[in-house]
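Engineer: Each number in the numbering used here corresponds to the 1-based position in the sequence shown with 378 added.
For glycine and all other residues, C-beta sits at the position ideal for the given N, C-alpha and C.
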Amino acid sequence: MTFVLDASVVVACVMPDETSQRATAVLGRLTKTHAIVPSLWSYEVASAIHNAARRGRMTEADAALALRSLVNLPLTHVEPEPTRLIEIAQMTGLTVYDSSYLALSMSRGLPLATFDDRLAAAAIKAGVQILA
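1) For Ile-427, count neighbouring C-beta atoms within 10 Å of its own C-beta (all shown protein chains included) and say buried if the count is 16 or more, exposed if not.
2) What did DSSP end up calling Leu-383 once you bin it into helix, strand or coil?
3) Since His-455 is in the beta strand (DSSP E), which residue starts that stretch and which ends it?
4) Is it the case that the Cβ atoms of Val-456 and Leu-480 are separated by a distance below 8 Å?
5) Alpha carbon to alpha carbon, how far is Asp-384 from Glu-488? Give it in angstroms, no decimals.
6) In or out: Thr-402 buried (at least 16 other Cβ within 10 Å) or exposed?
7) Extract the residue ranges of the alpha helix (DSSP H) inside the region 404-463, only unbroken runs of 4 or more that lie entirely within it.
8) For Leu-448 versus Val-388, is the C-beta distance shorter than 8 Å?
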């Protein structure tokens with residue numbers, strides 16, 4: 379089943395100090411399906427990995443390897459409707475960035491994979507299924 383993939387799941391999978399079975403299981407689903415991500419997804423993931431390397435949480439070599447490994451993930455990048463993002467952000471108190479994940483899940487009727495507690499709570503309140 380296709381799902382919306384929040385950057386937090388991928389970041390948890392590639393960070394040496396955050397790797398979890400839950401993150402690995404979610405990404406393992408991508409062997410059988412694909413995920414939908416907002417167009418900002420690549421920037422969010424790259425920024426998190428870059429910052430982790432800069433702060434010493436991972437080496438530059440590990441950061442480069444992590445970024446290369448993400449290139450082949452079966453993802454469909456989608457540009458969410460900006461006015462809808464603002465509506466969701468105002469309604470939920472989420473950032474516009476996080477609202478982009480919720481907007482995609484809501485508009486496409488897809489579950490959301492996220493490790494962001496605020497985003498998950500807003501999604502559940504909106505009737506969106508959270509992948510565990």
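Structural biologist: Taking the geometry as given:
1) buried
2) strand
3) 453-456
4) No; because the gap between Cβ atoms is not below 8 Å, this pair is not in contact.
5) The sequence given here places Leu at residue 488; Glu does not occur at that position. Computed Cα separation, rounded: 12 Å.
6) exposed
7) 419-432, 438-448
8) yes
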